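Undergrad:
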Amino acid sequence: NNELRVGKSAVSDRESQHENSKRTGREMLQIIDENQAFTPLMSLYMKNKWFLEDKGFDYNVVAVFGSQSTGKSTLLNSLFKTDFEELAKGKRQQTTRGIWCDCAQDMDVLVLDVEGTDGRERGEDQDFERKSALFSLAIAEVVIVNMWENMVGLYNGANMGLLKTVLEVNLQLFGKNRGSKTLLYFVIRDHVSSTPIEILGSTVSNDLERIWSELSKPGDLSNEKLFDHFDIKYTSLPHKLLQQSKFDEDVSALRREFSDPSCSKYVFKDIYKRSIPADGFSRYMESVWEKVVTNRDLDLPTQQELLAQYRCDEISASVLVPFRETVSRLRNTLEDGTIKSDLGSEMNNARITLISQFDEQASRYLNSVYTKKRIQLLNIVDTELHGLYLIQIKNTIDICAIEFETKAKALLDELNENTTITDFQFDINLLGEESMQSSLKDCFSSIIESQKKNSMSHLKNVIDSTKIEDCDWKFDGDFSNLESKIDTVSIRLRKSQLEKTITQTIDTFYDHFSNQISDIINEASPDMWEQILEVYVNGCKIIEKRLNVFISQLGVHGLGYNAADEPDYKKYLSMELDLANKKSRQLLFDCLLKVCREEFNENILILKLRTKFEEKFRYDSNNIPRIWNAADDIDGQYSIAKAESLKLLPLYASIDISGIQKNSLLKSTIGSPDYFYSPVEKDLVKTIVLKKYNMNSNLELLSEHKQREFSKRASREMDQLFLDSKRSVVSQSSQ
Ligand code: GDP
Ligand code: MG
């Protein structure tokens with residue numbers, strides 16, 4: 039039932055694509071068919087055949103009304119160069135009901151040829167007449183009423199029935215919401231009598247006023263005047279067949295009234311405008327027809343609002359397509375973690391393009407709807423752009439944090455490499471401020487400071503170049519996010535810098551320290567351990583002194599708290615120093631144990647015992663080597679020397695801390711319970727990891743078992759020396 043009658047020279051869509059956007063003026067479309075169905079092709083014709091889609095408000099709509107076979111189609115075709123079907127000469131063929139539409143040639147005017155408005159003449163009901171009148175008045179600015187001269191004044195004729203319908207319907211449509219007026223243009227055909235057109239016109243006017251006054255108007259409309267709703271115009275034409283050339287002359291004069299805005303009689307005045315943008319026209323027609331045909335309330339303001347919503351949504355969707363392509367292209371480049379330097383301008387361009395595309399089309403629709411939809415569209419757009427912005431900023435923060443770490447680390451490595459500890463005083467007695475001037479200066483602090491500044495300003499630059507002026511995007515959080523990342527890295531860098539310095543200091547000190555201890559061990563005096571512990575404690579002091587200088591030079595950075603929140607960072611510095619000292623004490627005590635274990639390794643220890651034995655056995659009290667005589671008490675000397683030697687074993691077996699309490703230096707240092715470890719500051723300071731440390735569980739150097747074994751081995755060697763001595767006496771006496 040969607041059978042369509044189209045103009046005989048209508049071209050297929052494919053052919054029309056080859057056309058150069060040129061209207062042929064012969065592209066008629068049946069928009070309402072005899073089954074009262076609306077064509078699905080209207081928007082296609084608007085776009086591809088009539089080229090009106092982009093005209094905005096610059097197009098007009100005219101409809102023709104009148105009894106059948108009064109030469110309506112003939113008139114339209116002459117006037118607008120359209121191609122409506124004319125009844126063949128002499129035939130009395132019944133034209134099918136429906137509404138046809140074509141675009142005038144060389145004018146942006148849509149022409150509606152309404153057929154079948156004379157139902158009463160044929161004894162049919164006036165249903166279609168009403169519907170088509172309602173429809174035409176809703177969309178057409180000018181309605182041409184076509185009638186023969188001899189019909190004028192026949193108040194009870196079919197014509198008047200039609201006019202009554204038009205006026206009634208108009209009241210229904212515009213009664214309450216009087217928006218635009220309609221021009222009723224009476225064209226009186228076959229004007230052959232001598233009656234002047236003015237007389238004919240006033241007769242029509244009088245009839246109209248009479249109809250108007252007899253219309254039953256609802257109470258609030260009872261005072262409405264005919265001319266509040268309509269402007270009336272008249273013209274007449276001669277008999278087309280009898281006065282062909284005069285007819286053509288008059289028609290072309292009439293044509294000027296429809297085509298030439300500079301003409302004083304130009305018909306399309308602004309007050310008749312229906313204000314439907316061309317790109318929404320087909321949709322509007324369709325929804326108006328739908329209301330008309332289902333006999334529902336046709337409320338034009340609501341229709342226009344619905345149209346505005348529909349079209350604004352459609353326009354939003356269409357401008358979002360290229361926009362989203364751009365967004366996803368940009369997202370793809372960002373997703374591998376890079377910073378896109380021209381992201382801001384790309385986003386801005388996409389946004390501006392989209393908005394101007396939207397504005398261009400949508401601003402023609404109902405302002406309240408357009409404004410609301412524009413805000414909605416911008417919300418969508420800005421949310422999507424903000425998504426890109428967030429990825430860009432996240433990438434920047436990540437890259438800045440990584441770059442911060444790499445650069446700061448490289449600079450610190452360079453610094454550490456170029457720093458040799460040349461002024462390190464090993465002698466506790468020479469320890470003084472001036473000798474501890476470190477060549478490290480306060481480089482750590484300035485490296486962190488400047489790299490942090492670089493990172494923050496890099497982020498600021500990216501934010502400035504990426505953000506969109508109109509959007510109030512928050513970025514305080516981004517700065518604090520980067521800052522906290524940098525702070526975390528700074529803690530790590532400070533920690534490794536501290537660790538490096540502590541180990542480096544101890545390494546430098548180690549040789550001197552182990553030599554001192556070795557000497558004391560070799561001495562093996564009874565207060566050996568007291569001496570060793572004193573060397574240890576003094577060593578700690580030397581190292582602490584150095585750390586003190588170093589840590590005070592590290593500055594605030596990387597300490598692991600927000601300097602702005604915590605004014606007395608000195609408290610944190612001294613806690614850090616305290617932990618660093620404790621850590622260095624632990625490490626140096628480990629060094630002490632290492633030196634001892636090296637000194638007391640099996641072979642060296644046996645050698646020590648043997649040397650001790652030899653000192654007593656082979657040398658006399660004046661340190662002169664003994665030549666044994668038979669009279670000498672070799673056995674006695676042997677026992678004394680052996681006992682002396684083996685006495686070393688328990689001395690070496692473990693670190694004797696019994697002297698700590700009676701030695702004031704030791705008592706105040708190593709003797710105090712938190713010399714190696716205190717749990718208090720542990721959680722507050724993040725740059726030093728301090729393990730629990732129990733000196734007392736580390737005191738044993740030789741187990742009982744090892745002592746027995748070494749004693750046995752040493753005894754055997756001493757026995758051998760004893761036997762050698764005995765033998766030398768025997769050989770002497772036998773000579
Ligand atoms: P419509 O049904 O109103 O569209 O009328 P048509 O345009 O199809 O014309 C109906 C008949 O009237 C055709 O045979 C035309 O040749 C004829 N006709 C057209 N114009 C005139 C005219 O100005 N005067 C007269 N008397 N006949 C005309
Ligand atoms: Mg016709």
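Residue numbers for the sequence shown, in full-length UniProt numbering: 39 to 773. Every residue gets a Cβ at the ideal spot worked out from N, C-alpha and C, and that includes glycine. Computed from a prediction, not measured in an experiment: that's the story for all the values here.
(1) Beta-carbon within less than 7 angstroms of residue 50's beta-carbon, same chain only, minus the 5 sequence neighbours each way: which residues are those?
(2) Would the C-beta of residue 110 count as close to the ligand GDP, meaning under 6 angstroms from any of its heavy atoms?
(3) Is it buried or exposed for residue 138, if we count other Cβ within 10 angstroms and need 16 for buried?
(4) Output needed for residue 107: all residues of its chain with C-beta closer than 7 angstroms, excluding positions within five of it in sequence on either side, in chain order.
(5) Could you check the C-alpha separation between residue 663 and residue 693 for me, to the nearest Å?
(6) With residue 620 and residue 728 assumed to form a contact (beta carbons below 8 angstroms), what rounded beta-carbon distance in angstroms separates them?
(7) To the nearest angstrom, how far is the alpha carbon of residue 470 from that of residue 576?
(8) State the start and end residues of the unbroken beta strand (DSSP E) segment that holds residue 554.
(9) Mapping the DSSP letters down to three states, classify residue 250 as helix, strand or coil.
(10) So, under 8 angstroms CB-CB, residue 745 and residue 691 are touching, yes? Tell me the CB distance rounded to an integer number of Å.
(11) With a cut-off of 8 angstroms, do at least 3 Cβ pairs link the segment 347 to 355 to the segment 397 to 405?
(12) Just reading off the beta strand (DSSP E) that residue 125 is part of, what are its end residues?
(13) Where do the N-terminal and C-terminal ends of the beta strand (DSSP E) with residue 185 fall, by residue?
(14) By Cβ distance, which residues of its chain are closer than 6 angstroms to residue 314, with the 5 residues on each side in sequence left out?
(15) Rounded to the nearest angstrom, what separates residue 392 and residue 105 at their Cα positions?
(16) Starting from residue 359, follow the alpha helix (DSSP H) in both directions and report where the run begins and ends.
(17) Rounded to the nearest angstrom, how far is the Cβ of residue 610 from that of residue 718, given a contact under 8 angstroms?
(18) Residue 497: buried (16+ other C-beta within 10 angstroms of its C-beta) or exposed?
(19) Can you name, in chain order, every residue of its own chain whose Cβ lies under 7 angstroms from the Cβ of residue 330, other than the five neighbours on each side?
(20) Which value, in whole angstroms, describes the spacing of the CA atoms of residue 311 and residue 280?
(21) Per DSSP, which residues does residue 101 bridge with? Please list them.
(22) Is it true that the segment 748 to 762 meets the segment 643 to 659, where meeting means three or more beta-carbon pairs spaced less than 8 angstroms apart?
(23) Where are the beta strand (DSSP E) runs, 3 residues long or more, that stay fully inside the segment 206 to 286, in chain order?
(24) Could you compute how far the alpha carbon of residue 383 sits from the alpha carbon of residue 504?
(25) Would you say the segment 508 to 525 touches the segment 533 to 540, given that touching needs at least three Cβ pairs under 8 angstroms?
(26) Take residue 224 as the anchor and find which of 529, 668, 512 and 238 has the nearest alpha-carbon.
(27) May I ask you to check if the CB of residue 228 is nearer than 6 angstroms to at least one heavy atom of the ligand GDP?
(28) Using 8 angstroms as the Cβ pair cut-off and three pairs as the minimum, do the segment 613 to 627 and the segment 540 to 549 touch?
(29) Please return the same chain residues whose Cβ sits closer than 7 angstroms to the Cβ of residue 294, not counting the five positions on each side in sequence.
(30) Would you identify the three-state DSSP class for residue 48, choosing helix, strand or coil?
(31) Secondary structure at residue 140, three-state DSSP: helix, strand or coil?
(32) Enumerate, from N- to C-terminal direction, the unbroken alpha helix (DSSP H) stretches of 4 or more residues contained entirely within the segment 638 to 694.
(33) What do you get for residue 473, buried or exposed, if any count of 16 or more other CB atoms within 10 angstroms of its CB means buried?
(34) Taking the beta strand (DSSP E) that residue 67 belongs to, which residues open and close that run?
TA: Result, derived from the coordinates:
(1) Only weak support exists for where residue 50 lies, its pLDDT of 41 falling under 50; the coordinates are left without a value.
(2) yes
(3) buried
(4) 125
(5) 33 angstroms
(6) 6 angstroms
(7) Note that residue 470 scores a pLDDT of 48, beneath 50, so its modelled location is shaky; the value from the coordinates is reported in the next line. Each residue's alpha carbon lies about 14 angstroms from the other.
(8) Counting along the chain, residue 554 falls outside any beta strand (DSSP E), though it belongs to the alpha helix (DSSP H) covering 514 to 561.
(9) helix
(10) 6 angstroms
(11) yes
(12) Segment: none, residue 125 is in no beta strand (DSSP E) and carries neither H nor E.
(13) Per DSSP, residue 185 belongs to the beta strand (DSSP E) from 180 to 186.
(14) Excluding sequence neighbours, residue 314 sits near 322.
(15) 50 angstroms
(16) 338 to 373
(17) Not quite, the Cβ-Cβ distance comes to about 13 angstroms (not below 8 angstroms), so this is no contact.
(18) With 16 or more neighbouring CB atoms inside 10 Å of its own CB, residue 497 falls in the buried class.
(19) 169, 172, 173 and 336
(20) 37 angstroms
(21) 150 and 181
(22) yes
(23) 220 to 227 and 268 to 274
(24) 7 angstroms
(25) no
(26) 238
(27) yes
(28) Note that the segment 613 to 627 touches the segment 540 to 549; at least 3 beta-carbon pairs, one per stretch, sit closer than 8 angstroms.
(29) 301
(30) At residue 48, the pLDDT of 39 sits below 50, so the modelled position is not reliable and the matter cannot be decided from this model.
(31) strand
(32) The segment 638 to 694 contains these whole alpha helix (DSSP H) runs: 640 to 655, 672 to 684 and 686 to 691.
(33) Below a pLDDT of 50, predicted positions are generally treated as unreliable, and residue 473, at 42, falls in that range; the measurement from the model is reported next regardless. Exposed: under 16 other Cβ atoms inside 10 Å.
(34) Judged by DSSP secondary structure, residue 67 falls within the beta strand (DSSP E) whose first and last residues are 67 to 70.
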